[in-house]
Amino acid sequence: MNGDPDLLIGGEWIHASDGGLRQIVNPADGSVVASVDEATTEDARRAVAAARATFDEGAWAATPVAERAALLLRIADLLERDKEQIAHLETLDTGKTLVESRIDIDDVVSVFRYYGGLVAVQADRVVDVGDPTVISRVVREPIGVCVLIAPWNYPLLQMSWKIAPALGAGCTMVAKPSEVTPLSTIAFVRLAEEAGVPSGVLNLVQGSGAVLGSALTDNSDVDFISFTGGLATGRIISEVAAEHVTKVAVELGGKNPHIVFADADWESSVDQVLTGVFLHSGQVCSAGTRLIIEESIADDFVAELVRRAELIRVGNGMDAASETGPLVSEQHRAKVEAYVELGISEGAKLVTGGVRPSDPALAAGSFFLPTIFDNCDRSMRIVQEETFGPILTVERFVTEAEAIRLGNDTEYGLAGGVRTTDPARGERMVRALRHGTIWLNDFGYYTAAAEWGGFKKSGNGRELGPTGLTEYQEIKHIWHNTAPKPAEWFKGV
Ligand code: TXE
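Written out as structure tokens, the structure reads:
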């Protein structure tokens with residue numbers, strides 16, 4: 000970063016082999032905040048080869064789990080030490096408010112602490128095969144070389160969900176942050192090295208996914224790919240990996256319903272519908288972008304949402320007064336603006352936002368105002384496609400069955416929310432909705448100890464929780480006969 004080498008390959012920090020650099024832009028004002036090394040395809044291949052050689056050499060996989068656990072906890076300690084510095088990088092890079100970035104780093108710390116604790120207690124299973132001379136054990140071993148590809152909306156947070164269990168399991172890896180937001184990951188990898196991650200275990204490349212993708216994923220040296228990003232890229236990676244029968248876990252976003260019944264608590268519902276969709280300007284895979292609301296309260300509820308959406312303070316994330324920052328880039332804002340045009344042309348009723356803020360102080364950044372479309376229906380693309388911006392669509396229902404049908408009527412299945420004060424209905428709803436996380440009378444929260452991931456086209460595999468660790472492990476059955484004797488099947492010999 001800014002002259003220091005940014006690629007870590009086989010324990011050596013190097014510049015890109017062709018000297019290429021990428022300028023990193025602050026989306027709040029368009030300024031260049033850093034230039035970082037842009038890896039070549041050859042660099043990416045070398046990084047995978049280094050991870051392969053380190054894994055095959057075997058020392059890391061053979062390191063006692065207590066030592067690996069201690070390493071994860073040391074990383075957590077150093078993250079706490081450097082929290083402010085990394086949070087600042089995250090805000091400069093993504094535009095999110097500093098408050099959000101600090102929460103992200105706290106969450107990253109929790110993830111390392113959680114997996115530090117979990118790997119230390121994960122036990123093998125002993126199976127009774129009915130023969131006292133046989134010891135049958137089911138053990139977990141590291142899956143091998145992992146390629147970890149993260150997006151730009153929660154750069155270090157998403158990466159930590161991958162690196163922490165991969166390290167804990169004893170894997171070696173190549174991490175590739177989004178080319179739009181690599182700064183926090185570069186800082187993190189330096190910190191992990193300081194914590195004592197052995198040479199060659201954690202390799203880092205950054206650059207365009209389209210350029211580096213095939214070196215990282217169309218590669219038989221790779222045993223597991225964990226990817227978080229868009230559906231189109233997830234499809235490409237899954238197809239390429241299938242050629243090598245490489246295991247893949249993908250998290251591909253969502254089009255998440257937030258269902259509000261007329262008996263729901265009014266104040267928390269209005270507040271959380273707003274937060275659920277407009278936090279981080281809607282650039283959240285689990286954002287509650289589809290409000291599905293009971294007809295009898297819909298007009299009043301939407302009017303109150305509009306009133307409050309117009310009070311949201313959009314601004315530079317470094318400014319303590321800002322409640323939400325810009326979109327991550329000019330290109331991404333153009334995509335969101337195209338969705339607004341589409342919504343209007345599809346006949347949805349734009350009731351607030353839909354434009355850039357008028358404040359001249361924000362003109363150089365990629366800001367966009369919180370936007371609400373009323374009178375939406377299931378045929379519209381703005382209701383079905385992930386806009387990944389501050390856009391809420393409103394659909395109405397009369398019966399519970401209709402609410403369920405609408406809530407499930409999406410090709411995605413990442414997350415959803417239900418708001419009702421009727422416990423029996425709440426329970427029926429949380430079971431009927433086909434999404435990986437369901438919030439009942441809450442929205443957006445998660446914990447490192449519970450699984451995260453999607454049904455349907457939101458992906459496959461799980462991150463966090465115990466399953467988030469087993470993704471990085473192979474399961475081996477060891478059958479040990481302590482008193483060997485002939486099988487005596489072929490009696491004629
Ligand atoms: O994502 P990409 P983009 C959604 C959101 C957004 C859309 C596109 O709707 O508008 O995806 O965003 C790397 N082989 N989400 O284009 O391209 C890339 O370098 C290997 C939802 O930014 O999927 C980056 O590191 N890797 C999402 C990562 O993939 C490739 C978060 C994600 O980028 C690659 C972000 C290739 N061929 C966007 N092409 C969520 N699930 O939260 C790109 N990459």
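Oh and the sequence shown: position 339 is 338 in numbering that gives the first Met the number 0, straight run, nothing missing. Beta carbons: idealized from backbone N, C-alpha and C, even for Gly.
Practice task
Compute the beta-carbon to beta-carbon distance between LEU391 and THR288, rounded to the nearest angstrom, for a pair I have assumed lies under 8 Å.
Solution key: 6 Å
Exercise for the section: Kindly identify the DSSP beta-bridge partner or partners of GLU473. Expected result: GLU140
Exercise for the section: Figure out for me which residue from ARG430, ILE235, ASP376 and VAL259 has the closest Cα to the Cα of GLU345. Expected result: When only C-alpha atoms are compared, the closest one is ASP376.
Handout entry: Distance cut-off 7 Å: PHE489 Cβ against heavy atoms of the ligand TXE
Key = no
Practice task
May I ask you to check if the CB of ALA149 is nearer than 7 Å to at least one heavy atom of the ligand TXE?
Solution key: yes
Exercise for the section: Sort LEU432, PHE387 and LEU7 by Cα distance to ARG189 and report the nearest one. Expected result: LEU7
Handout entry: Boundaries of the beta strand (DSSP E) in which GLY415 is found, first to last residue
Key = 414-418
Exercise for the section: Identify which residue in GLU266, ALA449 and GLY281 has its Cα closest to the Cα of TYR153. Expected result: Among GLU266, ALA449 and GLY281, the Cα nearest to that of TYR153 belongs to GLY281.
Exercise for the section: Answer with buried or exposed for ASP142, where buried requires no fewer than 16 other C-beta atoms within 10 angstroms of its C-beta. Expected result: Note that residue 142 is Ile in the sequence shown, not Asp. Buried, since its Cβ has 16 or more Cβ neighbours within 10 Å.
Practice task
Would you mind stating whether LYS82 and ARG101 have Cβ atoms separated by less than 8 Å?
Solution key: yes
Practice task
Count the other C-beta atoms from every protein chain shown that fall within 10 angstroms of the C-beta of GLY491, then say buried if there are 16 or more, exposed otherwise.
Solution key: GLY491 comes out exposed.
Exercise for the section: Examine the ligand TXE and report whether any of its heavy atoms sits within less than 7 Å of the Cβ of PHE387. Expected result: Flag set: Cβ of PHE387 near the ligand TXE.
Practice task
State the DSSP-derived secondary structure class of ASP127, mapped to helix, strand or coil.
Solution key: coil
Handout entry: Cβ separation of VAL200 and TRP59, assumed to be a contact under 8 Å, to the nearest whole Å
Key = The Cβ separation is near 5 Å, so the contact holds.
Handout entry: For ASN459, the residue or residues it bridges with in DSSP
Key = Bridge partners of ASN459: VAL249.
Handout entry: Residue from THR96, THR469 and MET0 whose Cα sits closest to the Cα of ALA320
Key = Answer by Cα proximity: THR96.
Handout entry: Through-space distance from ILE85 to ASP92, alpha-carbon basis
Key = Cα to Cα, ASP92 sits roughly 11 Å from ILE85.
Problem - C-beta contact flag for GLU445 and PHE223 at 8 Å - result: The sequence shown places Tyr at residue 445, not Glu. Going by C-beta atoms, TYR445 is not nearer than 8 Å to PHE223.
Practice task
Take every Cβ of the stretch 202-221, pair it with every Cβ of the stretch 239-251, and state whether three or more of those distances are shorter than 8 Å.
Solution key: yes
Handout entry: Distance cut-off 7 Å: ASN218 Cβ against heavy atoms of the ligand TXE
Key = no
Problem - Secondary structure of ALA61, DSSP reduced to three states - result: In the displayed model, ALA61 falls within coil according to three-state DSSP, outside both helix and strand.
Exercise for the section: Please confirm whether ARG139 and ILE477 have their CB atoms less than 8 Å apart. Expected result: The Cβ atoms of ARG139 and ILE477 do not sit closer than 8 Å to each other.
Handout entry: Cut-off 6 Å between Cβ atoms - residues of its own chain near VAL382, not counting five sequence neighbours on either side
Key = CYS375 and THR392
Practice task
Give a yes or no on whether the minimum CB-CB distance between HIS257 and chain B is below 8 Å.
Solution key: Of the protein chains in the structure, only one exists, and it is not chain B.
Practice task
Output the distance between the C-alpha atoms of ARG51 and GLY252, rounded to the nearest integer angstrom.
Solution key: 30 Å
Exercise for the section: Examine the ligand TXE and report whether any of its heavy atoms sits within less than 7 Å of the Cβ of GLY252. Expected result: Taking the Cβ of GLY252 as the reference point, at least one heavy atom of the ligand TXE falls within a distance shorter than 7 Å.
Handout entry: Inter-stretch contact at 8 Å, needing at least 3 Cβ pairs: the stretch 263-272 / the stretch 293-309
Key = yes
Exercise for the section: Would you list, in sequence order, the uninterrupted beta strand (DSSP E) runs of no fewer than 3 residues that lie entirely inside the stretch 371-453? Expected result: Taken in chain order, the complete beta strand (DSSP E) segments of 3 residues or longer contained in the stretch 371-453 are 390-396, 414-418 and 436-439.
Practice task
Assign THR420 to one of two classes, buried (16 or more other C-beta atoms within 10 Å of its C-beta) or exposed (fewer than that).
Solution key: THR420 should be labelled exposed.
Practice task
Work out the CA separation of GLU41 and ASP17 for me, nearest whole Å.
Solution key: Looking at the two C-alpha atoms, the distance is approximately 10 Å.
Exercise for the section: With distances taken Cα to Cα, identify the nearest neighbour of VAL24 among ARG45, GLY94, LEU78 and VAL47. Expected result: It is GLY94.
Exercise for the section: Give every residue of the same chain whose Cβ lies closer than 6 Å to the Cβ of LYS161, excluding the five residues on either side of it in the sequence, and list them in chain order. Expected result: Closer than 6 Å at the Cβ level, and outside the excluded window around LYS161, lie LEU147 and SER225.
Exercise for the section: Kindly examine the ligand TXE and report whether one of its heavy atoms sits closer than 7 Å to the Cβ of LEU155. Expected result: No - the ligand TXE has no heavy atom lying nearer than 7 Å to the Cβ of LEU155.
Exercise for the section: Go through its chain and collect everything with a Cβ distance to TRP451's Cβ below 8 Å, but skip five positions before and after it. Expected result: TRP160, GLU250, GLY435, THR436, TYR445, ARG461, GLU462, LEU463, GLY464 and GLY467
Exercise for the section: Could you tell me whether the stretch 346-365 touches the stretch 201-214, using the rule of 3 or more Cβ pairs below 8 Å? Expected result: They do not touch, by the three-pair rule.
Problem - Collapsed DSSP secondary structure at LYS175 in the structure displayed - result: strand
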